[in-house]
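Visitor:
In our numbering, the protein residues as written are 50 to 320.
#1: Excluding the 5 residues preceding and the 5 following residue 92 in the sequence, name in chain order all residues of the same chain whose CB lies nearer than 7 Å to its CB.
#2: Can you have a look at residue 281 and say buried or exposed, based on whether 16 or more other CB atoms are within 10 angstroms of its CB?
#3: Three or more beta-carbon pairs under 8 Å between the stretch 103-113 and the stretch 309-316, yes or no?
#4: Across which residues does DSSP place residue 83 in a beta bridge pair?
#5: Within the continuous beta strand (DSSP E) that includes residue 316, where are the two ends?
#6: State yes or no: is the C-beta of residue 66 within less than 7 Å of the C-beta of residue 239?
#7: Within its chain, find whatever has a CB closer than 8 Å to the CB of residue 73; leave out the 5 residues flanking it on each side and keep chain order.
#8: Can you tell which of 116, 181, 165 and 244 has the C-alpha that lies nearest to the C-alpha of residue 224?
#9: Using a Cβ-Cβ cutoff of less than 7 Å, which residues in the same chain neighbour residue 134 once the five nearest sequence positions on both sides are dropped?
#10: List the residues that DSSP assigns as beta-bridge partners of residue 145.
#11: Do residue 155 and residue 192 come within 7 Å of each other at the CB atom, strictly closer than that value?
#12: Cβ atoms of residue 302 and residue 232: under 7 Å apart, would you say?
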């Protein structure tokens with residue numbers, strides 16, 4: 050497949066976590082030019098060292114700039130953002146929009162000042178998140194849960210599972226929120242937004258679910274307002290955005306990620 054150049058918005062993640070962010074932007078701006086690049090070769094980032102995350106993300110961004118020539122890159126991954134965003138901004142001139150756990154909105158939302166944060170191991174232990182807590186949630190008590198098992202389940206099986214499967218998948222996290230006595234929970238990994246409705250159904254109104262979806266997409270649109278494409282509108286309506294993966298092209302990867310691409314009205318490509 051020929052790479053689609055001059056894409057305005059490129060979303061990146063280690064897997065399928067950032068797809069809800071791309072979908073939300075498309076809901077707001079249906080004619081926008083988008084692409085999604087999942088570094089599936091190195092999935093999951095949440096269990097990698099800080100040095101590895103920085104190296105993988107820098108390599109990925111370099112290739113994206115060379116091949117897709119985007120106007121802005123949305124790092125739709127909390128782990129990538131807290132680990133590598135400051136490095137990327139020093140290394141590249143292109144604007145970035147990061148995704149971090151919604152600590153500030155959670156602190157403003159919580160009544161009892163007990164907040165759960167559900168994220169990856171890499172994110173919950175990162176100094177960036179601790180600094181967010183000190184700055185915006187100093188009067189709150191935070192309960193951190195690293196859940197790499199749920200991340201992997203979402204990447205591999207849960208999206209095609211039944212509603213019962215999805216609720217069973219999030220049950221340990223929900224029980225953690227409840228047992229800690231929290232009234233607010235932060236979905237601090239973009240993968241979890243695929244099960245946003247299930248989390249809300251199981252937790253609200255007692256426990257408010259908070260995430261970064263609106264803030265990230267609005268910031269991307271602010272930094273790079275939608276451009277009117279010169280492409281014929283009829284043709285543009287036919288063309289689909291491309292969902293690229295970095296892993297080796299195999300029958301298994303094609304079947305798995307083609308299904309995800311179709312679910313989000315995209316075409317699968319290899320990067």
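Backbone N, C-alpha and C fix where the C-beta goes; we use that ideal spot for every residue, glycine too.
Guide: The relevant details are as follows:
#1: 63, 64 and 204
#2: In this prediction, residue 281 scores a pLDDT of 47, lower than 50, which makes its location untrustworthy; no coordinate-derived value is stated.
#3: no
#4: 58
#5: 315-319
#6: Yes; because the gap between Cβ atoms is below 7 Å, this pair is in contact.
#7: 262, 263 and 266
#8: 165
#9: 124, 145 and 147, listed in sequence order.
#10: Answer by DSSP bridge pairing, in chain order: 122.
#11: no
#12: no
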